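Using my numbering, count along the sequence shown one by one with no gaps and you end on 574. Below you'll find the structure, written out as structure tokens, and then a few comments.
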Amino acid sequence: MVCRIEVGFKTGMRDALGESIKKRIVEDLRIIVDSVRTIEVYTIDAALSSGQVKLLGDKVFADPIVQVFSDMPLASDFSWLVEVGYRPGVTDNVGATAKKASEDVLKTGIHGVYFSRQYLISGNITKDDAINITGGLLANSLIERWEIISSSDFDNEKGIHLPLPVVKGKHSPSVTTIDLDISDNELKELSRMRLFALNLAEMKAIRKYFVQTSKEREKFGVSLPTDVEIEVLAQTWSEHCKHKIFNSEITYIDDKGKTTINSLFNTFIKQATREINKPWLVSVFTDNAGVIKFNDDHNLVMKVETHNTPSALDPYGGAITGIVGVNRDPLGTGMGSRLIFNTDVFCFASPFYDKLLPPRLFHPKRIFEGVRRGVEHGGNKSGIPTVNGCIVFDERYLGKPLVYCGTGGIMPSVINGKPSHIKEIDPGDLIVMTGGRIGKDGIHG
């Protein structure tokens, strides 16, 4: 049995999110609406008594000063209602947190809790307007699903019910072996079918490696490579992780002639850094982040990375993943540093862009707002303040924004008599992994 707990603001209380959404509908989409109000919805995959519903509403979901909750529909006085929730398998952090909190309060297990939000839009607008508002501002079809209903079709007793976003189908985790002794065309097809995204040269290099190590593998009772092993190589060699274009041979032609650059990264970043060779550079290009001498007692640890394509596809999710992802690098450099600040540089097309957008592109202002919010939430809310940043606007960033996320940390220059920037990893050391499960919006999402 499924239970829904809806949480809304008390009469007379301001709905800041609703007011912000209304402003953006009017300014960005040029659709006039009178008001927008929001309701948070928690769909609980469990049979709950009325007492348990009240307990969760009081203790977990609602702020008793400004909010009310109910297991009946709260929506009223609107023209169109839009409810937006995640697609099955997509990471739902609010839902996961709500599940844990509910289990703590009820002292029993729950199959799942799923978060969605209702937008109650009032005004003289058509269904087409409601559809444009949903697709243009409220939801991202890549990761979210939604339902739109008019006030005349809304049932005050039944309300609106998005289906549970449960991944259906039985799955038994298994490891399979793959025979790479196949033709070139079959290698390319294997890469395409399994979404390795590797070209023929890369697939042949993998095949060569497993041929060369076959005798050593047989000593351990391992013969053919497994899908897991090839997947690890494919992930590591992805453009997102390996930056193959940045490291490839580039031919540049202009009115002055033709220039060949063997790796933009090696030529203009690594080589330049080594030529300048400042004495305060303690460690560069050897660990997760660079280490800089701050004073005689402390080192500054710094790392900046991009998260461009993910931010173009899902501005909020791509940006928050970028900033919390780069947090890991100074944290894991040398013997570890204490994170003290975040920084960023954003490059977008003009937020006032008024021409026809190419297919599948978000408006630059939507990307701008989503990226800014993602970096803010990823940093300030985890206790690592964003201390500065820069925003650049240029129409060339219409197809893909540039999203730089950076983190700085501090660590003693010497720990237990050893240089803190030197990391020692020995056979037999224990490895600890932390973090949430990867959703459908993660690997191969």
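All residues carry an ideal CB built from backbone N, CA and C; glycine is no exception. Values in this document were obtained by computation on a predicted structure and should not be read as measured data.
Residue of the options minimising C-alpha distance to residue i
i              : options                        : result
histidine 369  : Gly218, Thr435, Phe207         : Thr435
aspartate 308  : Val340, His290, Leu324, Ser301 : Val340
proline 294    : Asn424, Ala191, Asn517, Thr220 : Thr220
serine 251     : Arg336, Ala259, Ile239         : Ala259
valine 532     : Gly454, Val195, Ser178, Phe477 : Phe477
aspartate 257  : Gln247, Tyr215, Val242, Ser208 : Ser208
leucine 184    : Gly137, Ile194, Asp200         : Asp200
tyrosine 243   : Gly454, Ala227, Ile382         : Ala227
serine 542     : Gly512, Pro444, Lys422         : Lys422
glutamine 181  : Val195, Lys333, Arg133, Gly512 : Arg133
glycine 461    : Ile551, Gly565, Ile277, Ser479 : Ile551
leucine 485    : Phe349, Gly528, Ser279, Thr536 : Gly528
arginine 457   : Cys534, Pro530, Asp313         : Cys534
glutamate 286  : Leu203, Pro193, Ser511, Ala145 : Leu203
isoleucine 554 : Pro530, Lys547, Gly463, Arg467 : Gly463
proline 273    : Thr263, Asp282, Ser279, Ser281 : According to the sequence as given, residue 273 is glutamate; it is not proline. Looking at the Cα atoms, Thr263 is the closest of the given residues.
asparagine 424 : Thr306, Thr355, Ile539, Leu249 : Ile539
leucine 468    : Arg495, Val430, Pro292         : Val430
glycine 407    : Ile154, Thr415, Val420         : The sequence given here has lysine at residue 407, not glycine. Here the closest residue by C-alpha is Val420.
Bridge partner(s) assigned by DSSP for residue i
i                 : result
methionine 540    : Asn428
isoleucine 520    : Phe475
lysine 422        : Asn428
glutamate 434     : Cys534
phenylalanine 470 : Gly537
arginine 133      : Thr172
threonine 306     : Thr355
valine 197        : Gly137
Per-residue DSSP class, three states only, for residue i
i                 : result
proline 548       : strand
threonine 462     : coil
serine 164        : strand
methionine 142    : coil
lysine 228        : helix
leucine 177       : coil
valine 351        : coil
threonine 342     : coil
aspartate 515     : The amino acid occupying residue 515 in the given sequence is threonine; aspartate does not appear at that position. In the structure shown, threonine 515 sits in a strand (DSSP, three-state: E or B).
isoleucine 277    : strand
glycine 147       : helix
threonine 237     : coil
aspartate 157     : helix
arginine 336      : helix
alanine 326       : coil
lysine 183        : helix
asparagine 417    : coil
alanine 204       : coil
isoleucine 452    : helix
tyrosine 526      : helix
isoleucine 567    : coil
tyrosine 445      : helix
asparagine 285    : coil
glycine 218       : coil
valine 296        : coil
valine 561        : coil
phenylalanine 397 : helix
leucine 362       : helix
arginine 457      : helix
Where the beta strand (DSSP E) containing residue i begins and where it ends
i              : result
asparagine 391 : 386-391
arginine 246   : 242-251
aspartate 383  : 378-383
leucine 210    : 209-215
leucine 319    : Run containing leucine 319: none in the beta strand (DSSP E); it sits in the alpha helix (DSSP H), 313-322.
leucine 410    : 410-412
Beta-carbon separation (whole angstroms), residue i vs residue j, contact threshold 8 Å
i             : j                 : result
threonine 515 : asparagine 471    : 5 Å
valine 234    : valine 189        : 6 Å
glycine 141   : arginine 166      : Not confirmed; about 12 Å, so no contact.
glutamate 135 : phenylalanine 198 : 7 Å
alanine 88    : serine 367        : Examination of residue 88 is not possible in this model, given that the chain is present from 130 through 574 alone.
glutamate 360 : glutamate 276     : Incorrect: roughly 36 Å between the Cβ atoms, too far for contact.
valine 411    : lysine 432        : Valine 411 to lysine 432, Cβ: 14 Å. No contact.
aspartate 523 : leucine 271       : Incorrect: roughly 25 Å between the Cβ atoms, too far for contact.
leucine 362   : isoleucine 335    : 6 Å
Residue range of the unbroken alpha helix (DSSP H) whose run includes residue i
i                 : result
isoleucine 272    : It is not in any alpha helix (DSSP H) - isoleucine 272 carries neither H nor E in the DSSP assignment.
serine 440        : 437-442
phenylalanine 190 : Neither: phenylalanine 190 is in no alpha helix (DSSP H) and is coded neither H nor E.
threonine 402     : 400-405
asparagine 261    : 256-262
phenylalanine 497 : 493-508
lysine 371        : 368-371
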